[in-house]
Structure formats: C-alpha cells, structure tokens
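S.K.: Residue numbers for the sequence shown, in my numbering: 8 to 787.
I have a structure I would like to understand better, so I am pasting it below and will then ask my questions one at a time.
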Amino acid sequence: MLTTAATAFSGAVISGRWWSELPHSGLPFVLAFISLSATALLIAEYCNAKRWQKPLRFALVAMVAATAGLFVATSVGQSYLKWQQLGGEIQQDVIIEGRVVGYQRFADYDRLILTDNIVDQHVWEKQWAIQLHYYRPQAAFTNGQRIRTAARIKPARAIANPAGFDMQRWYVSQRIVKTGYVRGHRIELIEPDTSTRNRLKSRLTSLQLPGEKWLLALLFGERQEFTKSDWQLLQQTGTAHLFAISGLHLMIVAGAILIFFRGWIAASAWLSFTLPKSLYLTAFIFVLATCGFYAYLADWQTAVLRAYCALLIIAVLHLFNLRLSRLTLVLLTLSVSILLDPMAVYGAALYLSVGAVAIIIWLHWWWETSSRGGNWIRGVVLLQLTLSVLMAPLVGALLGQVSLISPLINLLIVPAMSLLVIPLCLLGLLMLIVLPVDHLITAWVLQGCGKVLEWLMQLLDQVASFVGDYAAFPVFTSTWLMASVIALLLILLPPFKGRLLLLIVMLLTCSGGYLPVARKTEDWHVHVFDVGQGNATLISRNSKAILFDTGASFASGFNFVETVIHPFLHIRGLQLERVFISHFDNDHAGGLDFIRKTYPELAIVTPKDNCHAGGKWQWQGLNMQALWPLPNSKEGWSDNDGSCVIKISDGRFSMLLPGDIEQKAEHALLSLPEVSQTLMSNIILAPHHGSKTSSSIAFIEQVKPQFVVFSQGWLNRWGFPHPQVVERYRIAGSQPLLVSESGYLRFDITHNGISTYAYRESQHSRWYHKTFVKQKTAHK
C-alpha cells in the first residue's frame, strides 16, 4: 500500500513538470477523486467478493494519493503564477527588504537572491524569492544577512528556446517570482548574520588557507567563489557532486560515528564491560544530531535536507524494527522530499540524487541475487563504474551534457575524497569549533586539507586538458534515453533467451543519432532565437545551416552562441557552414569570439570585408544576395546604417534580413532601382528591432512582407517595437510576431507555403513558458 501511495503521489506531482496548462484550482481533482471513490465503493459493495477487495483497495489508495499529488502540483503552480504576476507586466521601482539566501559574484555584477521579503511595506510569503543584479557593487554580502535597497523589478521571465539551459524552469525550481536590479549603488545592511554558521565560516576565512573556496564548499555549502573555469572543470570531469553537500557527505559523517560506537561496543565486550541497552538509541540520536548540525552548516540546502530526511526515515525504521522493501524506501524518501519542496520537481538535483540512490540499491540487489563473490575492492570498483555509466543517460537528459572521463575520474577521486579529504576536513571543522582559531593543530589540519584539495584540482585540470572537453549529446531524444538505459540493463542482467538480440536492437537505436543520414529535402527553415535585446537567426536545409548574427555576450563570459545556438545545432544534427554579421554592435556580434574559437575554419561575412551590395552566394539551392552597404561608399554611414542587408530566396519564397538600418539607409536602398525591385520578401526581420527611426512607410510598402519579426527583449528599456511601427506593418497587411512574446520562432518553408511555430505558444510548451500577459508597448 505504501509503495502504491508513494508512487501515485510523487508521480502526480512530477507530472506537473510537463503540463502545458495549469488547472485554475485543485477543485477538479478533488471532485474527480470523490466520484472515483464513490464508484469504487459501489463496485465493492455490489461485487461483495473477496477477490475484488484487494485490487479495489489498491485502486482507492492510488486515487487518493494521485489526487493529493495533483492538488499539490496545481496549488503550488497557481501560487507561483499569482506572485509572479503580482503588480502586472510592468517594471516597478520599489523598496525591498529581504534576507540573502543566495549570493554569487561575477565579473561586472553580483547576483543576490532574497526571501522573506517586504516590498514597499507589503509583507510577502516567505517562500517566494526575488533575484537582483547588483552592478558595480560597493560591498560584499553573505547568506543570512538582511538588507534593504531600492530596486527595479519585473516578473521573473527568461528567454525561451528549445535548446540550452532552461532558465524559466530554474526560476520555478528556485521559487524566484521577480527579477530586477539595484537602483544606484547603495544596499543597506539592516541585520548582520550573527549565526553560529557565519561565525565558524568567518573563523575559517580568517586563517587565509590554501584552497579556501573548496573548503568553504565542503564544510558550508558555499560555492560563490567558484569561477567560470572552476565550474567548467567540474563539468568536464563530472565531479561537481563532490562539492555540493549531499547524501555522500552525510553518509561519511554517519559512518564515522557508527564506526566509533562499534569500536566502543567491541572494546567493551573485550573488556567484559556491560553496556546499557539504550546505547543503540544513543548512537542513532548522536548520528541524527551530528548530521543535523552539518546540514545546518550547509544552510539546509535542498539536497542536504533531502538526504537528512532519508537518514531520518532509515533511523526510525531501525529504532522501531520496521522493514520496508528497497523500492518502498526510495519512493517514500522521494515523496517526503517532494512534500517538503514541491518546486524541486522542476529542477535537476532531485532526479539526480534519487536516481543515484535507486541505482546503488538496485546494484546491491543485483550483486546479491547474482551470487557474485570477490573482495570488497572489486565490488567498490564495479559499483562506482556501473553507477557512473548508468547515471550518464540521466545526466545527459537533465543537463544536456555528460563527461566522457567521469567514470574513470570518479573511480579514483571519490574514494580519495570519501576516505581521506572529507573526513580530514570534518576533523578540521571539529577543531575549529572546540579549539582557538589560532591553535597550531587546527591550522595544520585545515592547511593540509586545503593543500590536498588544491593538488587534487590541479591534477583534475591536467587530466581534463589532456583528454579534452566534455562531450554533449549530438542528437538527444527521449528514444535515445530509453534505449540507452535498457541497453545498460540488458548488459548487467543475468543471461536469458533473446538478450543478445534485444541488446543489438537497443545499441543500434542508441547509435542512430550519431550515424550520418542523408536527408535531402526541398524544405528550408528559418529559426529566430530568443536572445533578448538582440538578433540571432539561423537558416537550415538538408542538415546544413548558416547563421545571421550571434546575439550578445557579457562581461561574465555568457554568450548566446555558446548557451543557445551551439546546443541547438547539436540537438538538431545541423552543421554550421557560414556566418553573416550585419554589423559589430554587441547585440548582433557578441558571440563572434566563441564562433572563431569553436569553428576556426568557418567563413564569416561582415560589412568590413565581403558583405557589399552585389555580393551573391549559392547555398543548398538557395540564392543569397547582399543588397547593402554600397562598396567603396564615401558617405559617412552610422554603424546601424552600414549594416549588411541580406535577402535569401528559393525562387518562390524569400526573407529579408536588414540588420539595424534606419530610415536614411532605407531611403538610399529605395533610390537604387536595381535594389529596390528585389526588396519584396515574404518574411522580414524588422530593422533595428522595431525602432521608430526605422521601418518607414515607403520601405514597408516596397517589401510587402507577409510576416514581420521583431527580435527584441521583453520590457526592454527602449520600448521596442514602437507601437507606430507595429501599426505601419499591420496596415500593410503584415502579421507582426514578437520574439519577446513567442520565444523561439520557426518558419517552415515548403512548396505548400509558409507555416510558423512559436515555442511559448505551442501545445507542447510547458505552463511556465506561456505568455501570461500580452506585452503592451509604450511610446518612447
């Protein structure tokens, strides 16, 4: 019964991750449950047969649990939307008072996450968070401090693309309902963090130890000091889990305490001492208290809380001599974790931790049922290698990339961390608590830990540099995931009839995405990515692609080519063959450095070299023509008016990509007879994102587009697209499409015509991606 209830409840809540729409309330689920329960009871009464009682009982339990799960998923989702939309779809200047629960430093700004907020003297529910960017910071902060600042905030809304990191889902998983930035440079500290945790952390940092950032991660769960290169190294080697306090770290603490008590029991037996019967209870209480204190030092982060709940469940079962199957224990832990934090189902950590535990338990069962002998070293090696391999599909599905060297690296570093480094760090922490901060032994132990950690990270860096970057799945689908998992299970299961044939089928399915497949077609596609205030447009045909502009890059190192376009090319199996840059403003050419580094042989066409009026290219049966700027023009054009203007056509349908040209350049184009006659296009990317200084009436009437795309950021400070510009296109019979509303846009161009696909508005889009209020442009 417990297994059924836990499965139904957790499955119902997790299903909310894939809903395209949220029910308006949980009432429909309650009514459905009442109806189904009444039906089940009537059937049971009518049948009055014992053989029906047990199935009906299971069905009733499943209905109750599933209804509760659906109710929870709906309630928290609706509550999130309510707080996200609080104040409407506008940017608001407010005074925020809140407690810092997340703080991370970047090159040109700090990022703060605040909870327990008071906004303009209105007290918010404690669970909902606000994320603020603090540009040119004049002070540093730590978790636990309470601050007050003036900020400009808006509903938490991220870009929406079919590839790359899903920031919108991350907002939901972190309960972030508003985002914004600090107005000015002043943040007032109104309540310092006087907790024991902060005092211990301050004592540690005062020692100025080597490898301090790694020690802070292992002892306090603080990873704010990790640089971009640190995160890349952890991703390349698949070792990020070692520096996120979780079940492994609590297990080491619990194991050390239990070993101590076992030694005490053994010594007492040898010395013929009589031990009290309450010793086992004392041991469990001491384990829970010590692990609880460690979880407190880790600020009760979600992964730690989840692991502690699992430990608590196991302790209760042992104390009351209760027995549960392995499967029931995993499902019960999952259900309790979801009850404590329902929003965790939208993140990746829940599935990675529960998946790892489930695999370890399954491997233990497999080892037992297979009657495999051998020494414990062989068992540990097999466990670690198998765990790494079985986790790879799950990691790839959730994170979009998987380390090829992770199994070997973890085979070596996990025992080193578990048996040496982490215990020594915890010993140093204990000394930091009980001894003076400047005590020789304390400093010696912690310095030793820091040096060992630095040496390990240097070793990992050398290995990663020698082997190369992590591998991202070139073509990843749910079919690939299922086939890879089944193939791995078939390899591990005992032999049975037909196993070899099934294994071959599954392996062929896995490799299908990697095999070159000729897909010759007359169809071509235009992909307009959601890159905020900027432009990045991809044309694809026959598994080949060309890119027009790259979107922006930022001082933090973030750029849209690396995070959105590059993953998209891999997922769709597209080969990038050429890049056109309209002009060199950051919002159009910010990703050039990444392009040159990642695709060193790629041809790049820009206004500075070979993009001039009269230029022509043939690509995959499509005709591309440069219409602007004029070669060797002596007139001084602005950077915007000097944009490379490209028209691409298949002879029947066409698209115009005019960059950021303004009315001056538009009029110049119209004055050139040989050019003006070629401007007519079915699709146009609105010049300069819909600025009122572009898209003149004469230009629009000459182009006569069926669709006009405005590639602009949501609630951008310039008010693009300008309402007058949108109205001009409407009057001309064009259909306006705003990327800020639709997210990623795709035009499918076939012999039958042009069809559109909008990521946010498709039936497969998730509820948290939907446009909750249509954007209202403001006059500027």
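Cβ coordinates follow ideal geometry from the N, Cα and C atoms, glycine included.
(1) Please state whether DSSP places G105 in a helix, a strand or coil.
(2) Between which two residues does the alpha helix (DSSP H) holding N417 run?
(3) What three-state label does DSSP hand G435 in the structure shown?
(4) Once the 5 residues before and after L522 are set aside, which same chain residues still bring their CB inside 6 angstroms of it?
(5) By Cβ distance below 6 angstroms, which residues in the same chain neighbour I345 in space, the five residues on each side in sequence not counted?
(6) Which residues in the same chain have their Cβ closer than 6 angstroms to the Cβ of A12, if we skip the five residues on either side of it in sequence?
(7) When you compare each of D648, S560, D173, H256 to A114 by their alpha carbons, which one comes out closest?
(8) Would you report the Cα separation of Q231 and F172, rounded to the nearest angstrom?
(9) In the DSSP assignment, what are the bridge partners of R585?
(10) Locate the alpha helix (DSSP H) running through E673, then write down its first and last residues.
(11) Which complete beta strand (DSSP E) runs does the stretch 154-204 hold, if anything under 3 residues is left out?
(12) Whose CA, out of A471, I653, V682, lies closest to the CA of A693?
(13) Could you compute how far the alpha carbon of V586 sits from the alpha carbon of L745?
(14) For W644, list the residues DSSP reports as bridge partners.
(15) What is the DSSP secondary structure of H573, reduced to helix, strand or coil?
(16) Counting Cβ pairs, one atom from each stretch, are 3 or more of them under 8 angstroms apart for the stretch 401-416 and the stretch 240-259?
(17) For L401 and G354, which I take to be in contact (beta-carbon distance under 8 angstroms), what is that distance rounded to the nearest angstrom?
(18) Counting C-beta neighbours from all protein chains within 10 Å, is the total for D537 16 or more, i.e. buried, or is it exposed?
(19) I'd like the list of long-range same chain contacts for Q582, defined as Cβ closer than 7 angstroms, with 5 residues on each side in sequence excluded.
(20) When the Cα of W369 is compared with those of Y142, L576, M398, which residue comes out closest?
(21) Rounded to a whole number of angstroms, what is the C-alpha to C-alpha distance between Q731 and Q308?
(22) By the 10 Å Cβ neighbour count, where 16 or more other Cβ atoms means buried, how is G621 classified, buried or exposed?
(23) Hey, how far is the Cα of L9 from the Cα of D237?
(24) Only counting the same chain, and skipping five residues up and downstream in sequence, which positions put a Cβ closer than 7 angstroms to that of Y794?
(25) Is it buried or exposed for P199, if we count other Cβ within 10 angstroms and need 16 for buried?
(26) Tell whether a beta-carbon distance below 8 angstroms holds between A543 and G564.
(27) Within 10 angstroms of the Cβ of W462, are there 16 or more other Cβ atoms? Answer buried if so, exposed if not.
(28) Quick check: the stretch 178-198 against the stretch 85-98, are there 3 or more CB pairs under 8 angstroms?
(29) Please classify Q625 as buried or exposed, where buried requires at least 16 neighbouring CB atoms within 10 angstroms.
(30) Span of the alpha helix (DSSP H) holding M464?
(31) In chain order, what residues of the same chain have a beta carbon less than 6 angstroms from the beta carbon of P1, not counting five sequence neighbours either side?
(32) Tell me the DSSP secondary structure of Q85 in three-state form.
(33) When the distance is taken between beta carbons, is L394 closer than 8 angstroms to I367?
(34) Thinking C-alpha only, which one of V533, W90, S702 is nearest F727?
(35) Name the two residues that bound the continuous beta strand (DSSP E) containing K623.
(36) Any idea which residues DSSP pairs A765 with across the strands?
M.R.: From the atom records:
(1) Here residue 105 corresponds to residue number 98 of the sequence shown, with the count starting at 1. DSSP places G105 in strand when its eight states are reduced to three.
(2) Start at 1 with the first residue of the sequence shown, and residue 417 comes out as number 410. First-last of the alpha helix (DSSP H) with N417: 413-423.
(3) Position 428 of the sequence shown, counting from 1, holds the residue named residue 435. DSSP, reduced to helix, strand and coil, places G435 within a helical segment of the structure shown.
(4) In the sequence shown, residue 522 corresponds to position 515, counting from 1. Only weak support exists for where L522 lies, its pLDDT of 45 falling under 50; the value from the coordinates is given anyway. Hits under 6 angstroms: none found.
(5) Mapped onto the sequence shown, residue 345 falls at position 338. For I345, same chain residues with a beta-carbon under 6 angstroms away, outside a window of 5 residues either side, are S17, V20 in chain order.
(6) What you label residue 12 is simply residue 5 of the sequence shown in a count that begins at 1. The answer, listed in chain order, is V68, A72.
(7) In the sequence shown, residue 114 corresponds to position 107, counting from 1. Among D648, S560, D173, H256, the Cα nearest to that of A114 is on S560.
(8) Your numbering for residue 231 matches position 224 in the sequence shown. Your numbering for residue 172 matches position 165 in the sequence shown. Rounded to whole angstroms, Q231 to F172 spans 20 angstroms at the Cα level.
(9) On the sequence shown, residue 585 is found 578 positions in, with the first residue counted as 1. R585 is bridged to I553, A610.
(10) Walking along the sequence shown from the start, residue 673 turns up at place 666. Note, E673: alpha helix (DSSP H), 670-677.
(11) The beta strand (DSSP E) runs of length 3 or more contained entirely in the stretch 154-204 are, from start to end of the chain, 183-198.
(12) On the sequence shown, residue 693 is found 686 positions in, with the first residue counted as 1. A693 has its Cα closest to that of I653, out of A471, I653, V682.
(13) Translated into positions along the sequence shown, residue 586 becomes position 579. Translated into positions along the sequence shown, residue 745 becomes position 738. Distance between the alpha carbons of V586 and L745 is about 24 angstroms.
(14) Along the sequence shown, read from residue 1 onward, the residue named residue 644 stands at position 637. BP columns for W644 are empty, so no partner.
(15) In the sequence shown, counting from the first residue as 1, residue 573 sits at position 566. Three-state DSSP puts H573 in a helix.
(16) Contact holds: three or more Cβ-Cβ distances are below 8 angstroms.
(17) For this step, residue 401 is matched to residue 394 along the sequence shown. For this step, residue 354 is matched to residue 347 along the sequence shown. 13 angstroms between Cβ atoms; not a contact.
(18) As a working mapping, residue 537 is identified with position 530 in the sequence shown. Buried, because 16 or more other Cβ atoms sit within 10 Å of the Cβ of D537.
(19) Your numbering for residue 582 matches position 575 in the sequence shown. So the list reads S550, K551, A552, once near-sequence residues are dropped.
(20) Walking along the sequence shown from the start, residue 369 turns up at place 362. Out of Y142, L576, M398, M398 has the C-alpha closest to the C-alpha of W369.
(21) Taking the first residue of the sequence shown as 1, we reach residue 731 at position 724. Taking the first residue of the sequence shown as 1, we reach residue 308 at position 301. Taking the straight line joining both Cα atoms gives about 49 angstroms.
(22) Along the sequence shown, one-based indexing puts residue 621 at 614. Classification of G621: exposed, given that the 10 Å Cβ count is below 16.
(23) Position 2 of the sequence shown, counted from the first residue, corresponds to residue 9. Position 230 of the sequence shown, counted from the first residue, corresponds to residue 237. Computed Cα separation, rounded: 43 angstroms.
(24) It is not possible to answer for residue 794, since the shown part of the chain is limited to 8 through 787.
(25) As a position in the sequence shown, residue 199 is number 192, starting the count at 1. By the 10 Å Cβ count, P199 comes out exposed.
(26) Indexing the sequence shown from 1 puts residue 543 at position 536. Indexing the sequence shown from 1 puts residue 564 at position 557. Not in contact: A543 and G564 (Cβ atoms no closer than 8 angstroms).
(27) Counted from its first residue, the sequence shown places residue 462 at position 455. Of the other Cβ atoms in all chains shown, fewer than 16 fall within 10 Å of the Cβ of W462; this residue is therefore exposed.
(28) Three or more pairs of CB atoms, one per stretch, sit closer than 8 angstroms, so the stretch 178-198 contacts the stretch 85-98.
(29) The residue you call residue 625 lines up with position 618 of the sequence shown. Counting of Cβ neighbours within 10 angstroms places Q625 among the exposed residues, the total staying below 16.
(30) Along the sequence shown, read from residue 1 onward, the residue named residue 464 stands at position 457. If you look at M464, you'll find it in the alpha helix (DSSP H) that goes 447-474.
(31) No answer is possible for residue 1: it lies beyond the span of the chain, which begins at 8 and ends at 787.
(32) By one-based count along the sequence shown, residue 85 stands at place 78. The answer is helix: DSSP assigns Q85 an H, G or I state.
(33) Here residue 367 refers to the residue found at position 360 of the sequence shown. Here residue 394 refers to the residue found at position 387 of the sequence shown. Yes, the Cβ-Cβ distance between I367 and L394 is below 8 angstroms.
(34) Here residue 727 refers to the residue found at position 720 of the sequence shown. With distances taken between CA atoms, F727 lies nearest to S702 out of V533, W90, S702.
(35) Here residue 623 corresponds to residue number 616 of the sequence shown, with the count starting at 1. First-last of the beta strand (DSSP E) with K623: 623-626.
(36) Position 758 of the sequence shown, counting from 1, holds the residue named residue 765. A765 is bridged to L752.
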